Amino acid sequence: MKKKLVQTIKLSIVGETNVGKSTLLNNIFKKKISIVSRKSQTTIKRKTGVLSFSNKQFIFLDTPGIFGSNARLSRSTFKQASNAILESDLVLLIVDANKTNLETSLEIIKYLKSLDKEILVVINKVDLLKKNEYFKKLDNIQKVLNANNLISISALKSIGINSLIRYIEKNFNFFYKEIAKINTNIINTEFVEEIVREKILNLIHDEVPYSLKFKTENILKKKDGSYKINLSIIINKNSQKPIIIGKAGEKVKKIGISARYDLEKIYKKKIHLFLNVKVKKNRQEIDNMER
Numbered sequence: 086m087k088k089k090l091v092q093t094i095k096l097s098i099v100g101e102t103n104v105g106k107s108t109l110l111n112n113i114f115k116k117k118i119s120i121v122s123r124k125s126q127t128t129i130k131r132k133t134g135v136l137s138f139s140n141k142q143f144i145f146l147d148t149p150g151i152f153g154s155n156a157r158l159s160r161s162t163f164k165q166a167s168n169a170i171l172e173s174d175l176v177l178l179i180v181d182a183n184k185t186n187l188e189t190s191l192e193i194i195k196y197l198k199s200l201d202k203e204i205l206v207v208i209n210k211v212d213l214l215k216k217n218e219y220f221k222k223l224d225n226i227q228k229v230l231n232a233n234n235l236i237s238i239s240a241l242k243s244i245g246i247n248s249l250i251r252y253i254e255k256n257f258n259f260f261y262k263e264i265a266k267i268n269t270n271i272i273n274t275e276f277v278e279e280i281v282r283e284k285i286l287n288l289i290h291d292e293v294p295y296s297l298k299f300k301t302e303n304i305l306k307k308k309d310g311s312y313k314i315n316l317s318i319i320i321n322k323n324s325q326k327p328i329i330i331g332k333a334g335e336k337v338k339k340i341g342i343s344a345r346y347d348l349e350k351i352y353k354k355k356i357h358l359f360l361n362v363k364v365k366k367n368r369q370e371i372d373n374m375e376r
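So the numbering used here is basically just the index in the sequence shown, starting at one, shifted up by 85.
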């Protein structure tokens, strides 16, 4: 049987931390693909989303923020991000419309050009600009970055998302590839862990240690069709336990309720989520989890 081919473009999404990369990806797919938090460096592992539009496939790769002073990465995380960029046919460089310092974005463009990558500059958060400064800001960004391809959006407010997809379709090359399929009906352990991470970051803010690791102990399907998930939150030392657990377990309970709500909404299944906070046994345990 012949494999069915479709015109495809593979895109990676890059930019400084917290410019809206994950928000854009989630908005494109109208559901949670990447985690969103106020804390920098929350996209830890690469996410893939496949969009079909006008008989074409857009394969989006969201990557950790590997650029900027706030980017703190393990070697494995940096490798994931670099590989995504190398794989892609087009790189979307997300720029915050409200930022005046564009040095990091310039560095990214130089890096991408050294790889001979097609670049589309996507100016995000334009909804926060005053009407009288909109064109001035966009003109300045275009001049500073010397951008040939540029489009403005608001990922949070869903402004310009369809225009972005159409712009990509009309202005960049697609390649015939086998149809990509991602099964969203199977509960993915990595995705569960990322949802829990998001809830911790949003609830605890600056107190949360970056060294948090997660391990899904098991996922069991029950007779009634619901799922029981046991997940361990791994911390470095006992003194960090109160940060995650809270008084009388109040914080970890809120984390669990919020994560369960998102998981049930995504998978359209009843979820029983049980969180356990553990202290790591040794450095080797954490190293193995990073691989």
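The beta-carbon is built from N, C-alpha and C at its ideal position, and this holds for glycine as well.
Computed from a prediction, not measured in an experiment: that's the story for all the values here.
What is the rounded straight-line gap between the Cα of residue i and the Cα of residue j?
{"i": "D309", "j": "Q227", "result": "56 angstroms"}
{"i": "L200", "j": "S239", "result": "28 angstroms"}
{"i": "D319", "j": "S107", "result": "Position check: residue 319 holds Ile in this sequence, whereas Asp was assumed. Distance between the alpha carbons of I319 and S107 is about 24 angstroms."}
{"i": "L109", "j": "I194", "result": "20 angstroms"}
{"i": "N217", "j": "N168", "result": "40 angstroms"}
{"i": "S173", "j": "A333", "result": "47 angstroms"}
{"i": "K339", "j": "L171", "result": "39 angstroms"}
{"i": "K354", "j": "L136", "result": "23 angstroms"}
{"i": "I144", "j": "L96", "result": "6 angstroms"}
{"i": "V104", "j": "T93", "result": "26 angstroms"}
{"i": "V364", "j": "E192", "result": "39 angstroms"}
{"i": "G331", "j": "V337", "result": "7 angstroms"}
{"i": "N381", "j": "I351", "result": "This structure cannot speak to residue 381, because the chain is shown only from 86 to 376."}
{"i": "S139", "j": "E254", "result": "9 angstroms"}
{"i": "E335", "j": "I113", "result": "34 angstroms"}
Considering only the alpha carbon of each residue, which of the options lies closest to residue i?
{"i": "S190", "options": "L200, K198 and L178", "result": "L178"}
{"i": "A232", "options": "E349, E283 and E203", "result": "E203"}
{"i": "L197", "options": "V281, I98, I144 and D212", "result": "I98"}
{"i": "I289", "options": "I144, V277, I329 and N140", "result": "I329"}
{"i": "L214", "options": "N225, N183 and E188", "result": "N183"}
{"i": "K300", "options": "E101, F359 and F260", "result": "F359"}
{"i": "E275", "options": "N321, N256, L348 and F259", "result": "L348"}
{"i": "G100", "options": "F114, E278, Q142 and N209", "result": "N209"}
{"i": "N258", "options": "F114, I113, I246 and K141", "result": "K141"}
{"i": "K377", "options": "I280, S296, T185 and E279", "result": "What the structure shows of the chain is the stretch from 86 to 376, and residue 377 is not part of that stretch, so it cannot be assessed."}
Kindly identify the DSSP beta-bridge partner or partners of residue i.
{"i": "V91", "result": "K262"}
{"i": "S237", "result": "I208"}
{"i": "K298", "result": "I319"}
{"i": "S97", "result": "L146 and V176"}
Which residues mark the beginning and the end of the beta strand (DSSP E) in which residue i is found?
{"i": "I314", "result": "Y312 to I320"}
{"i": "I179", "result": "L175 to D181"}
{"i": "N140", "result": "Neither: N140 is in no beta strand (DSSP E) and is coded neither H nor E."}
{"i": "I356", "result": "I356 to V364"}
Go through its chain and collect everything with a Cβ distance to residue i's Cβ below 6 angstroms, but skip five positions before and after it.
{"i": "L235", "result": "V206 and Q227"}
{"i": "Y252", "result": "I236"}
{"i": "G341", "result": "L358 and L360"}
How far does the alpha helix (DSSP H) with residue i in it reach, from first residue to last?
{"i": "R286", "result": "According to the sequence displayed, residue 286 carries Leu and not Arg. Here the alpha helix (DSSP H) through L286 covers T274 to I289."}
{"i": "V229", "result": "Y219 to L230"}
{"i": "A344", "result": "E335 to Y352"}
{"i": "S248", "result": "I246 to N256"}
Could you pull out every residue in the same chain whose Cβ sits closer than 7 angstroms to the Cβ of residue i, ignoring the five residues on either side in sequence?
{"i": "E302", "result": "N315, L316 and S317"}
{"i": "N373", "result": "Per-residue confidence for N373 stands at a pLDDT of 41, beneath the threshold of 50, marking its modelled position as unreliable; the derived number appears in the next sentence. Correct list: empty, nothing qualifies."}
{"i": "Y219", "result": "V211"}
{"i": "V343", "result": "Going by the sequence as given, residue 343 is Ser instead of Val. Result list for S343: K284, in chain order."}
{"i": "K306", "result": "Y312"}
For residue i, which residues of its own chain have a beta-carbon under 8 angstroms away from its beta-carbon, when the five flanking residues on both sides are left out?
{"i": "K89", "result": "E263 and I264"}
{"i": "S311", "result": "K354, K355, I356 and H357"}
{"i": "I241", "result": "The displayed chain sequence assigns Leu, not Ile, to residue 241. The residues are G105, T108, N112, K210 and D212."}
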